[in-house]
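Residue numbers (my numbering): 30 to 419. Remarks on the structure that follows.
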Ligand code: MLT
């Protein structure tokens, strides 16, 4: 009898959302369509030159060619702690409360290895970044979706979580500024969340990948600013979107030292750290001039006006982001998110992400990114207008 080669946990998993979208896009390109890709949140702008120069200089030095330290160079962890002090007013011990990651996705995927036993409940936002749920399922954990609804500002209703679920829950994920909804969480929400987590003995994992992408309001807070958070929370930071470094794979985790240490222990067993030249570049990013970050915000603010302003003026029901670079558009009546994203691709050559790719709670919307220049966004608006408003 032949054995099934691929494990049940993988067989049960649909293709990774953005891998599937990429396939559909390639099919259109093969047909000769001039595709405008507003699917994945991958900045089209280059990494700022001082960061590239730091990599080049470090890559030429032999001392960086050997295995890096597992937790990351102390200089990087210090730079991360200094960044967090300057930005959020929090004190972190670089040697025990900060851990380098091969991009925040890596840390997010590995956290359940450190924390989740089979049968443990993990509370995941719905819609939410797919890795929260997948990482949980890989460990035999049970995903309990927390619906994010437009009428609640896309914040989970903690009071609606049944007492028996809260009692069994081990871990809760949040992500503000939010992907895919672009919502922000007020400080009061974080306070309520920390009280809830402490009451039910639940670990909070906060994905702060979009912390620097804000356009109108006060900078979004870190959960670690909230009194009591240090006992229950771990936070994931990414350099990908802030410094246009998605391809470099570098981020860091910060927070409760037991949680950071547990994740670090997993990583000693599965990877050998971040190439030190990339770490040197990350140090240059975090401790260098932050004018490039202000420039990033200026560019996206302008693009937001073109895309969201243009679509709103054409009568689309568009949720203009106050943070992150994601714009949700409501589907026209009679369309599911998947159908509407298919229509946008096939009839307008515009790649959109069905928000249901982030969970059933995303039904009703497709997501567009601001990751194309103004001329392409204007063209996208022109094509969508041609399809008719929602
Ligand atoms: C997205 O488009 O949702 C993100 O770019 C995915 C990611 O950061 O991995």
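Cβ atoms here follow ideal geometry from the backbone N, Cα and C, with glycine treated the same way.
Checklist entry - What residues sit near ligand 1, counting only those whose C-beta is closer than 6 angstroms to one of its heavy atoms, in chain order? => result Every residue passing the under-6 angstroms Cβ criterion appears here: 69, 70, 71, 134, 208.
Checklist entry - Taking the Cβ atom as the reference point for each residue, do residue 400 and residue 71 lie within a distance shorter than 7 angstroms? => result yes
Item to check | For residue 329 and residue 242, believed in contact at Cβ under 8 angstroms, the rounded distance | outcome: 7 angstroms
Checklist entry - In chain order, which beta strand (DSSP E) runs of at least 3 residues are fully inside the segment 317–394? => result 355–359
Item to check | Reference residue 290; option with closest CA among 80, 143, 110 | outcome: 143
Checklist entry - Taking the C-alpha atoms as reference points, what is the distance between residue 263 and residue 140? => result 10 angstroms
Next on the checklist: Just to check my reading of the structure: residue 366 and residue 394 have Cβ atoms closer than 8 angstroms, yes? What is that Cβ distance to the nearest angstrom?
Outcome noted: 6 angstroms
Next on the checklist: Taking its Cβ as the centre, do 16 or more other Cβ atoms sit within 10 Å of residue 35, making it buried, or is it exposed?
Outcome noted: exposed
Item to check | Residue(s) in a DSSP beta bridge with residue 175 | outcome: 154
Checklist entry - Does the count of Cβ pairs from the segment 50–62 and the segment 184–199 closer than 8 angstroms reach three? => result Counting Cβ pairs under 8 angstroms, fewer than three are found: no touch.
Item to check | Among 147, 197, 150, 99, the one whose alpha carbon lies nearest that of residue 127 | outcome: 99
Checklist entry - Is residue 267 helix, strand or coil when you go by DSSP? => result Assigned with DSSP and collapsed to three states, residue 267 falls in strand.
Checklist entry - At a cut of 8 angstroms, does the segment 354–368 reach the segment 378–396 through at least three beta carbon pairs? => result yes
Checklist entry - Since residue 80 is in the alpha helix (DSSP H), which residue starts that stretch and which ends it? => result 78–88
Checklist entry - Can residue 138 and residue 164 be called in contact, C-beta distance under 7 angstroms? => result Yes, the Cβ-Cβ distance between residue 138 and residue 164 is below 7 angstroms.
Item to check | Residues bridged to residue 203 (per DSSP) | outcome: 235
Checklist entry - Hey, how far is the Cα of residue 276 from the Cα of residue 69? => result 13 angstroms
Item to check | residue 38 - partner residues in DSSP beta bridges | outcome: According to DSSP, residue 38 bridges with nothing at all.
Checklist entry - Three or more beta-carbon pairs under 8 angstroms between the segment 348–355 and the segment 209–226, yes or no? => result Yes: at least three Cβ pairs fall under 8 angstroms.
Next on the checklist: Can you tell me whether residue 274 is buried or exposed? The criterion is at least 16 other CB atoms within 10 Å of its CB, across all chains shown.
Outcome noted: buried
Checklist entry - Does the beta-carbon distance from residue 279 to residue 268 come in below 7 angstroms? => result yes
Item to check | Identity of the residues DSSP links to residue 65 by a beta bridge | outcome: 379
Next on the checklist: Judging by CA-CA distance, which residue of 396, 376, 378, 377 is the nearest neighbour of residue 384?
Outcome noted: 396
Checklist entry - Rounded to whole angstroms, how far is the Cβ of residue 108 from the Cβ of residue 348, which I believe are closer than 8 angstroms? => result Not quite, the Cβ-Cβ distance comes to about 35 angstroms (not below 8 angstroms), so this is no contact.
Checklist entry - Looking at the structure shown, is residue 127 part of a helix, part of a strand, or coil, going by DSSP? => result Residue state, collapsed to three classes: strand.
Checklist entry - Under the three-state reduction of DSSP, which class applies to residue 136: helix, strand or coil? => result helix
Checklist entry - What residue does the alpha helix (DSSP H) around residue 196 start on, and which one ends it? => result Note, residue 196: alpha helix (DSSP H), 192–197.
Checklist entry - Would you call residue 257 buried or exposed, if buried means 16 or more other Cβ atoms sit within 10 Å of its Cβ? => result exposed
Checklist entry - Can you tell which of 177, 149, 247 has its C-alpha closest to the C-alpha of residue 169? => result 149
Checklist entry - What number of angstroms, rounded off, separates the C-alpha of residue 299 from the C-alpha of residue 101? => result Rounded to whole angstroms, residue 299 to residue 101 spans 14 angstroms at the Cα level.
Item to check | beta-carbon residue 46 near ligand 2 non-hydrogen atom, thresh 6 angstroms | outcome: Ligand 2 is absent from the structure shown, which contains only ligand 1.
Next on the checklist: Tell me the DSSP secondary structure of residue 398 in three-state form.
Outcome noted: strand
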